[in-house]
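Protein chains in written order, with the working numbering: chain A, 95 to 307; chain B, 108 to 312.
1. Whole angstroms are fine: how far does the CA of residue 290 (chain B) sit from the CA of residue 293 (chain A)?
2. Would you give the residue range spanned by the beta strand (DSSP E) that residue 141 (chain A) belongs to?
3. Of all the residues that make up the region 292-303 of chain B, which are near chain A by a beta-carbon distance shorter than 8 Å?
4. Can you give me the C-alpha to C-alpha distance between residue 163 (chain A) and residue 195 (chain A), rounded to a whole angstrom?
5. Measuring alpha carbon to alpha carbon, tell me which of A:176, A:295, A:169 ends up nearest residue 281 (chain A).
6. Tell me the DSSP bridge mates of residue 152 (chain A)?
7. At least one CB of chain B closer than 7 Å to the CB of residue 280 (chain A): is that the case?
8. Three Cβ pairs or more, each shorter than 8 Å: is that satisfied between the region 226-239 of chain A and the region 138-157 of chain A?
9. When you compare only the Cα positions, how much space is there between residue 162 (chain B) and residue 257 (chain B)?
10. Answer yes or no: does any C-beta atom of chain B fall closer than 7 Å to that of residue 283 (chain A)?
11. With distances taken from CA atoms, which of B:120, B:229, B:276 is nearest residue 191 (chain B)?
12. Under 7 Å, do residue 236 (chain B) and residue 207 (chain B) count as touching if we go by C-beta distance?
13. Does chain B have any CB closer than 7 Å to the CB of residue 272 (chain A)?
14. At which residues does the alpha helix (DSSP H) containing residue 134 (chain B) begin and terminate?
15. Could you give the residue range of the beta strand (DSSP E) that holds residue 179 (chain B)?
16. Who does residue 288 (chain B) pair with in a DSSP beta bridge?
17. Where residue 273 (chain B) and residue 280 (chain B) are concerned, what is the direct C-alpha to C-alpha distance, given to the nearest angstrom?
18. Is the shortest distance between the beta-carbon of residue 242 (chain A) and the beta-carbons of chain B less than 7 Å?
19. Residues of chain A with CB closer than 8 Å to the CB of residue 305 (chain B), please, in chain order.
20. For chain A, check one thing: does any of its Cβ atoms lie closer than 7 Å to the Cβ of residue 288 (chain B)?
21. Can you say whether residue 233 (chain A) is buried or exposed, counting buried as having 16 or more other CB atoms within 10 angstroms of its CB?
22. For chain A, check one thing: does any of its Cβ atoms lie closer than 7 Å to the Cβ of residue 193 (chain B)?
23. Report yes or no: do three or more beta-carbon pairs, one from the region 176-184 of chain A and one from the region 112-125 of chain A, lie closer than 8 Å?
24. Name the chain B residues whose beta carbon is nearer than 8 Å to that of residue 267 (chain A)?
25. Between the beta-carbon of residue 98 (chain A) and the beta-carbon of residue 128 (chain A), is there less than 7 Å?
26. Give a yes or no on whether the minimum CB-CB distance between residue 277 (chain A) and chain B is below 7 Å.
27. Is there a C-beta anywhere in chain A that falls below 7 Å from the one on residue 233 (chain B)?
28. Can you check DSSP and say which residues form a bridge with residue 95 (chain A)?
29. Between the Cα of residue 116 (chain A) and those of A:215, A:207, A:144, spot the shortest distance and give me the residue it belongs to.
30. Using a C-beta cutoff of 7 Å, does residue 291 (chain A) count as contacting chain D?
31. Anything in chain A within Cβ reach of residue 225 (chain B), meaning under 8 Å, just list it in chain order.
32. Given a threshold of 16 other Cβ atoms within 10 Å of its Cβ, counted over all protein chains shown, does residue 261 (chain A) qualify as buried or as exposed?
33. Which residue or residues does DSSP assign as beta-bridge partners of residue 158 (chain A)?
34. Identify whether residue 311 (chain A) lies in helix, strand or coil by the three-state DSSP scheme.
35. Using CA atoms only, rank isn't needed, just tell me which of A:283, A:284, A:247, A:253 is closest to residue 266 (chain A).
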């Protein structure tokens, strides 16, 4: 398969106005991915599927990623003259990068036997703006998996033919795979709790006013 | 009648019995299970019904696809919170007398999924379980052992008095409330009369 950079260059020529970014992967696998904006995602997906050199006709996996708000610290060193002496001052500023959710698609070509190409869409935020474009019109196999991402992460796929919860019940209000999900406190006694379960036990018995843990 | 006299009579070819013995003998040897499975334990349940383990030796080979014709509910597998109301509803649709075997770690306690958000931590939170089988999954022999334990339980039941079985007590419930799907969890999270969280007494964690 072509490199992501080449695919991006060809996509920019084919889909006017598409905002594309090659996201590098620092891990050993070094498998980069292609990020696309929601407005042009369907057009880009159609190109990836129909292009003669790519023919990515099979979407094997759709999943979600939750990126929480994160605080970025930047330290700036400045030299200033204070009381006639030149001193080096460190100034640390903090700013919060708002969190977002991502939908990740793994694309393969059965016809040309290559892949995967990792395609990402990013939402504007983790609340009302958690919307991306549905790629079900392009790859039918994405239908149930996009429903799963909607169910567990709360990403709304616009243009999905039947966006309902698929694993949890319809009345359920939470999105359990989000990192800030709080599950119902139904901890039950375990003889040897450890790690996360121990933390859960402590929270439970503290809340219940028990004398334990 | 004394047990010794009875045995002596039996040696002479005279069989004596009581109505309770006959009644319990009849119903304990034809426990028809409900034909449903929830996860991998169901595979072991199927194995128990096939030729090698042969559950029909105990009169329980007639797996009924309708709850109206079943006496025994074998909860074989993980009960997810989404599935729990349907399991309780199936139990409610079974006629008395009816029994429940909770088969496997998931059905008795949630098993490896106990700390998850989507799995019920044991069907005994909503249903009166007669026999619990530990194991992940339990072997078919364990299911047969549970069936024999249930048969022993039925054999010892008195037909009169306060300890008589539930189906002979007109005021005892034969249906249990079906939990509702709530915004965060099942409502209620357990049946308070059937199950209470275990009390933790003393000791350091």
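The beta-carbon is built from N, C-alpha and C at its ideal position, and this holds for glycine as well.
All values derive from a computational prediction rather than experimental measurement.
Let me lay it out:
1. One-based indexing of the first chain puts residue 293 (chain A) at position 199. One-based indexing of the second chain puts residue 290 (chain B) at position 183. Those two C-alpha atoms are separated by around 24 Å.
2. On the first chain, residue 141 (chain A) is found 47 positions in, with the first residue counted as 1. Taken as a continuous stretch (DSSP letters only), residue 141 (chain A) belongs to no beta strand (DSSP E), being part of the alpha helix (DSSP H) at 135-144.
3. Across the region 292-303 of chain B, CB contacts with chain A closer than 8 Å involve 292, 296, in sequence order along the chain.
4. The sequence position of residue 163 (chain A) within the first chain is 69, counting from 1. The sequence position of residue 195 (chain A) within the first chain is 101, counting from 1. So the two alpha carbons sit approximately 11 Å from each other.
5. Position 187 of the first chain holds residue 281 (chain A). It is A:295 whose Cα lies nearest to the Cα of residue 281 (chain A).
6. As a first step, residue 152 (chain A) is located in the first chain; it is residue number 58 there, counting from the start. Looking at the DSSP assignment, residue 152 (chain A) forms a beta bridge with A:202.
7. For the purposes of this step, residue 280 (chain A) is identified with residue 186 of the first chain, where counting begins at 1. Yes, residue 280 (chain A) lies at the interface with chain B (some Cβ there is under 7 Å from its Cβ).
8. yes
9. Counting from 1 along the second chain, the entry for residue 162 (chain B) is found at position 55. Counting from 1 along the second chain, the entry for residue 257 (chain B) is found at position 150. Near 14 Å, if we compare the C-alpha coordinates of residue 257 (chain B) and residue 162 (chain B).
10. Walking along the first chain from the start, residue 283 (chain A) turns up at place 189. For residue 283 (chain A), the answer is yes, since a Cβ of chain B falls inside 7 Å of its Cβ.
11. In the second chain, counting from the first residue as 1, residue 191 (chain B) sits at position 84. Nearest of B:120, B:229, B:276 to residue 191 (chain B), Cα basis: B:229.
12. As a working note, residue 236 (chain B) is residue 129 in the second chain. As a working note, residue 207 (chain B) is residue 100 in the second chain. Their beta carbons are under 7 Å apart, which means residue 236 (chain B) touches residue 207 (chain B) by this criterion.
13. For the purposes of this step, residue 272 (chain A) is identified with residue 178 of the first chain, where counting begins at 1. Output row for residue 272 (chain A): interface = no.
14. Counting from 1 along the second chain, the entry for residue 134 (chain B) is found at position 27. From DSSP, the alpha helix (DSSP H) with residue 134 (chain B) extends over 126-135.
15. By 1-based counting over the second chain, the position of residue 179 (chain B) is 72. Where residue 179 (chain B) is concerned, the enclosing beta strand (DSSP E) stretches over 179-183.
16. In the second chain, residue 288 (chain B) corresponds to position 181, counting from 1. According to DSSP, which records beta bridges pairwise, residue 288 (chain B) is partnered with B:293.
17. As a first step, residue 273 (chain B) must be located in the second chain, where it is residue number 166. As a first step, residue 280 (chain B) must be located in the second chain, where it is residue number 173. If I take the Cα positions, the gap works out to 8 Å.
18. Taking the first residue of the first chain as 1, we reach residue 242 (chain A) at position 148. Output row for residue 242 (chain A): interface = no.
19. In the second chain, counting from the first residue as 1, residue 305 (chain B) sits at position 198. Neighbours of residue 305 (chain B) on chain A, chain order: 282, 283.
20. Working through the second chain from its first residue, we reach residue 288 (chain B) at position 181. Yes, contact with chain A.
21. Counting from 1 along the first chain, the entry for residue 233 (chain A) is found at position 139. With 16 or more other Cβ atoms within 10 Å, it is buried.
22. For the purposes of this step, residue 193 (chain B) is taken as residue 86 along the second chain, with counting starting at 1. Residue 193 (chain B) does not count as touching chain A.
23. no
24. Position 173 of the first chain holds residue 267 (chain A). By Cβ distance, chain B contributes 290, 291.
25. Residue numbering aside, residue 98 (chain A) sits at position 4 when the first chain is read from its first letter. Residue numbering aside, residue 128 (chain A) sits at position 34 when the first chain is read from its first letter. In this structure, residue 128 (chain A) lies closer than 7 Å to residue 98 (chain A) by Cβ.
26. Translated into positions along the first chain, residue 277 (chain A) becomes position 183. Interface residue, yes.
27. Working through the second chain from its first residue, we reach residue 233 (chain B) at position 126. Chain A contact via Cβ: absent.
28. As a working note, residue 95 (chain A) is residue 1 in the first chain. DSSP output for residue 95 (chain A) lists no bridge partner at all.
29. By one-based count along the first chain, residue 116 (chain A) stands at place 22. Selected option, being the one with the closest Cα: A:215.
30. Any reference to chain D falls outside this structure, whose protein chains are A and B.
31. As a working note, residue 225 (chain B) is residue 118 in the second chain. Chain A residues near residue 225 (chain B): 261, 262, 270.
32. To locate residue 261 (chain A), count along the first chain from 1; it is residue 167. Exposed, by the Cβ-count rule.
33. The residue labelled residue 158 (chain A) in the question sits at position 64 within the first chain. DSSP, once it has assigned bridges, lists A:197 as partnering residue 158 (chain A).
34. Chain A is shown from 95 up to 307; residue 311 (chain A) falls before or after that span and cannot be answered.
35. Counting from one through the first chain, the residue named residue 266 (chain A) turns up at place 172. Among A:283, A:284, A:247, A:253, the Cα nearest to that of residue 266 (chain A) belongs to A:247.
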